[in-house]
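Trainee: The number in the working numbering is simply the position in the sequence shown, starting from 1, with 598 added. Even glycine gets a Cβ: it sits at the ideal position worked out from N, Cα and C. Dropping the structure in here first, questions after.
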Amino acid sequence: MKELQYLNKFFAKYKFQFLLGILITIVAQLFALFGPNYTGASVTAVQEFVKGTKTGNEVKDILVTSFLIILGATILRGILTFFMRQTLIVMSRHVEFDLKNEIFRQYENLSQNFYKQNRTGDLMNRISEDVNRVRQYVGPAIMYALNTIILFVVILTQMIIISPELTLYTVLPLPLLAWSIFWVANQINKRSTLVQQNLSSLSSYSQEMFSGIRVIKAYALEGLKQEGFTDLSRESKKRNMSLAFVGALFGPLMILLIGISNLVVLYVGGTMYINGEITNLGTIAQFILYINMLTWPVASIGWISGMVQEAEASQKRINEFLKIQPDIANNQPEHTPIAGNISFENVSFTYDDTGIHALKGVSFKINKGETLAILGRTGSGKSTVLSLISRLYDTTSGIVKVDGHDVRGLNLYDLRDSIGVVPQDAFLFSDSIENNIKFGKEDATHDEVVAVAKKAVVHHNIETFTHQYETILGERGITLSGGQKQRVSIARALIKDAPILLLDDCLSAVDTETEEAILSSLQEFAQDRTTIIVSHRVSSAKNADRIIILEDGKIIEEGTHNQLVSQQGYYKELYLKQLSEKELS
C-alpha cells in the first residue's frame, strides 16, 4: 500500500464526497437487515398458524406488513445504493481526471533524455491502462470494501444477537471461501500483470509500425513485420487464455461454497430446532438469507485484494516518472523579456544517453537583428547549438547567454516563447493546415496565416488542395510532401513573430529555386530578429552576417561568405563543390 499513499492527497481533496459516500453506505446496509428479519417473522407467523396459536387473519396481516416493509426497505436501499455509487464512483472519475492531467503535465515537463529512454507505447499505456487500474482502486475497490466491512459488521452483530452458536457454525465455511477467492484473485492479478506487460509491447510495436508504414512498404517488409505482430498477438492470446481459465473458476467456486454454507445452516439449524435449542423456524430462514448476503462480501475480499494489488503495481509504474525531477527546470518564476542577443562562452556538451561529445569549447556571439549560419558535416554539433539556446538541454560546461544572462536564470517559458523554431524533422499534427500554422499563434487570423504561407512559399501549393487551408493532414503530416511539410513548418515559426528564429536545416527537401524564394522572404522578415540558420548548403548561408563551420564539435572556421571563400578550408571546398553541381544541373 506504500505506493498508493500518493493518492491520499486526492482523498483529502474530495473528502466531502468520500465521507458522504461512507455515510450513505452505512444507512443503506442498515436497510439490508429488514429483508431477513421480516422474512423470519413471516415464516414464524406461518409456523404459529400451523400450531394454531395465530389465526389466519393475524398471519395475513403479518405477511402483508412484512411484504410492504421489505418492499419499502429494498426500494430505499436501492436508491441509497444509487447515490452511494454516484458519490464514490463519480469521485473516482474526478481522481482519474486529476491524475491523468498530472501525468500529462509531467510528460510535458520531462526532458528529451526521458523520451529517448522510454517507448511511446509504454507511456501511453501508463496514462490509460495504469490510471484506469488506479481508478478501480479509488472507486469500486474502496466502495466494495466499505460495503463489505459495514455489511459484515451489521449482519454478524444481528446473527450473534439471535443465536451465537448457530452463527459460529454458519461462518465456519466463510474463511475457506475468502481464502479460495483470494487465491483465485491473486492468480488473476499475476496473470493480468503479464497481460498488461504484453499489451504495452503490442501497443509500442503497433505505434512504431504505423509511424513507419511508408518505410515498411518501401522496403517490402510487410510480411516480416506481420510475423512480428503475429508473434506478439499469439503471446497475447496465450496470456489472455491463461487469465480467462483462472477467471472461469470464480463463478463455480462461489456457487459451491454458497451451497455448502446453506447446507450447514439447514443441517445445524434443523438439528438445533429438533433439539429445542431454536424455537422458531423463521430463525433458520433468517440465517439462510444472512449467509447469502454475507457470501458476496466475503468473496469480494479476494476480488478487492486483487484490485488493490493491481492498483499498487500500476501506481508504482506511475510514481516512477511522477517522482522524476525534470533535467530542465524553470529557475526564474518572474517574467523576463527577451530581446535576442545570444552568446556562447566556451560551451561544451555531452549527451547522457550516448556519451557523444557534441560540442567542445564553442564560443561565438550574435547580436539582435543579425543572422548567423552554421555549417558542418553530419554529427558536427550544429543542431545541438539550437537545442542549447532553447534549453532543451543544459550545457555540460560553459555558459549560453541571452541578453547577457545565463539562460538557466531566465524564465524558461518566456525564453521558449521568444523563439520560433523550425526543426530538422518537420513534425505536423493530424489537424488542418491552417491549425498547424496557427500552432505558433493560436489567435492568428486567416489573413495572417495566408501571409506567412506566402512568405514560406507554400501558399500556391495549399490553394491546389480541394479544401485548401482546411485540408486535414494525416499523422505527422503524411499527406504533404517533404518540402511542403518543411514550408508549413516554416510558416508556423514565422507567424509566431518571435525575436529569435532558429532554422535547423529546414530547406533540405526543397529545390534551389524555392529555396532562393524562401531565403529572400526570410531575409526581409529577419531584419530586426536574431536568426540562426543550420544548413548543409552554402546557398542558405551566404547572405548571413556571420558563418561558423563546426567539425567534431569545434569551430574550425568563422567569418563572412566573402572571407571564407577567399581562404582554403571546408567552406570553400563545399562552395566550389555545390557551385559545380548547380552548373551541371
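Just list the alpha helix (DSSP H) runs in the segment 1077-1113, keeping only unbroken ones of 4 residues or longer that don't cross its boundaries, in chain order.
Mentor: Fully enclosed alpha helix (DSSP H) runs of 4 or longer: 1080-1093.
Trainee: Nearest to P850 by alpha carbon, out of I779, K1094, V862?
Mentor: For the residues I779, K1094, V862, the minimum Cα distance to P850 belongs to I779.
Trainee: In this structure, how does DSSP classify F947 when only helix, strand and coil are distinguished?
Mentor: Looking at F947 - three-state DSSP - the assignment turns out to be strand.
Trainee: Which complete beta strand (DSSP E) runs does the segment 997-1056 hold, if anything under 3 residues is left out?
Mentor: Here the runs fully enclosed are 1017-1020.
Trainee: Counting Cβ pairs closer than 8 Å, one from the segment 1079-1092 and one from the segment 999-1014, do we hit at least three?
Mentor: No, they do not touch.
Trainee: Leaving out the 5 sequence neighbours to the left and right, which residues in its chain are closer than 8 Å to S831 when beta-carbon positions are compared?
Mentor: Here the set comprises L800.
Trainee: At the level of alpha carbons, what is the spacing between Q615 and K698?
Mentor: Spanning the two alpha carbons is a distance of roughly 20 Å.
Trainee: State the Cα-Cα distance for the pair I954 and E601, rounded to the nearest angstrom.
Mentor: Looking at the two C-alpha atoms, the distance is approximately 36 Å.
Trainee: Counting only the same chain and skipping the five closest in sequence on each side, list residues whose C-beta sits under 8 Å from that of S709.
Mentor: Excluding residues within five positions, the ones whose Cβ falls inside 8 Å are P924, D925, I926, L990, Y991.
Trainee: Could you tell me which uninterrupted alpha helix (DSSP H) segments, each at least 4 residues in length, are contained entirely in the segment 612-679, listed from first to last along the chain?
Mentor: Complete alpha helix (DSSP H) runs here, min 4: 613-629, 632-649.
Trainee: Return helix, strand or coil for I968, following the three-state DSSP convention.
Mentor: Here the sequence assigns Glu to residue 968, which means Ile is not the residue at that position. Of the three classes helix, strand and coil, the one that applies to E968 here is coil, per DSSP.
Trainee: Jot down the residue ranges of each uninterrupted alpha helix (DSSP H) in the segment 810-868, minimum 4 residues, whole runs only, in chain order.
Mentor: Segments of the alpha helix (DSSP H) lying fully in the segment 810-868: 811-816, 820-846.
Trainee: Determine the extent of the alpha helix (DSSP H) in which K980 is found, giving its start and end residues.
Mentor: Taken as a continuous stretch (DSSP letters only), the alpha helix (DSSP H) holding K980 covers 980-987.
Trainee: Taking only runs that begin and end inside the segment 1142-1173, name each unbroken alpha helix (DSSP H) of 4 or more residues, in chain order.
Mentor: Listed in chain order, the complete alpha helix (DSSP H) runs (minimum 4 residues) inside the segment 1142-1173 are 1159-1163.
Trainee: Please return the same chain residues whose Cβ sits closer than 7 Å to the Cβ of N711, not counting the five positions on each side in sequence.
Mentor: Around N711: D925, D950, D951.
Trainee: Touching or not, the segment 884-893 and the segment 748-758, by the rule of three or more beta carbon pairs under 8 Å?
Mentor: Yes: at least three Cβ pairs fall under 8 Å.
Trainee: Can you check whether the C-beta of L1078 is within less than 9 Å of a C-beta belonging to chain C?
Mentor: Any reference to chain C falls outside this structure, which holds one protein chain only.
Trainee: Run through DSSP, which three-state label would K788 get?
Mentor: Looking at K788 - three-state DSSP - the assignment turns out to be helix.
Trainee: Mind checking A610: buried by the 16 CB within 10 Å criterion, or exposed?
Mentor: Exposed, because fewer than 16 other Cβ atoms sit within 10 Å of the Cβ of A610.
Trainee: Counting only the same chain and skipping the five closest in sequence on each side, list residues whose C-beta sits under 6 Å from that of G1018.
Mentor: Excluding residues within five positions, the ones whose Cβ falls inside 6 Å are A1091, K1094, A1096, L1099.
Trainee: Could you check whether the segment 625-640 touches the segment 683-694, counting it as contact only if at least three pairs of C-beta atoms, one from each stretch, sit closer than 8 Å?
Mentor: Too few Cβ pairs lie closer than 8 Å, so no.
Trainee: Could you tell me how far apart the beta carbons of V641 and L879 are, in whole angstroms, since I believe they sit closer than 8 Å?
Mentor: With 8 Å as the limit, V641 and L879 qualify as a contact, their Cβ atoms being about 5 Å apart.
Trainee: Can you tell me whether L766 is buried or exposed, with buried defined as 16 or more other CB within 10 angstroms of its CB?
Mentor: It counts as exposed.
Trainee: When the distance is taken between beta carbons, is T746 closer than 9 Å to V862?
Mentor: No. Outside cutoff.
Trainee: Quick one: using the 10 Å Cβ neighbour count with 16 as the cut-off for buried, is W777 buried or exposed?
Mentor: Per the 10 Å Cβ criterion, exposed.
Trainee: Under three-state DSSP, which class holds T893?
Mentor: In the structure shown, T893 sits in a helix (DSSP, three-state: H, G or I).
Trainee: If I'm right that P895 touches L744 with Cβ under 8 Å, what's the distance once you round it to whole angstroms?
Mentor: With 8 Å as the limit, P895 and L744 do not qualify as a contact, their Cβ atoms being about 11 Å apart.
Trainee: From which residue to which residue does the alpha helix (DSSP H) around I740 run?
Mentor: Note, I740: alpha helix (DSSP H), 740-760.
Trainee: Can you grab the Cα-Cα spacing for the pair I940 / V1000, in whole Å?
Mentor: Each residue's Cα considered, the two are about 5 Å apart.
Trainee: How many whole angstroms separate the CB atoms of L1148 and G974, which I take to be in contact at a CB cut-off of 8 Å?
Mentor: Indeed, because the Cβ distance is near 4 Å, the residues count as touching under 8 Å.
Trainee: Skipping 5 residues on each side, what residues in its chain have a beta carbon closer than 6 Å to that of D1143?
Mentor: Counting only Cβ-Cβ distances below 6 Å, and skipping sequence neighbours, we find E968, T969.
Trainee: For T1128, name the three-state secondary structure that DSSP assigns.
Mentor: Correct three-state label for T1128: strand.
Trainee: Do T881 and G867 have their CB atoms nearer than 9 Å?
Mentor: For T881 and G867, yes; Cβs fall inside 9 Å.
Trainee: Return the CA-CA distance between V813 and F1027, expressed in angstroms with no decimal places.
Mentor: Spanning the two alpha carbons is a distance of roughly 19 Å.
Trainee: Using 9 Å as the threshold, is the C-beta distance between P738 and S790 below it?
Mentor: Taking 9 Å as the Cβ cut-off, P738 and S790 do not qualify as a contacting pair.
Trainee: In whole angstroms, what is the alpha-carbon distance linking V782 and I899?
Mentor: Between V782 and I899, the C-alpha separation is close to 11 Å.
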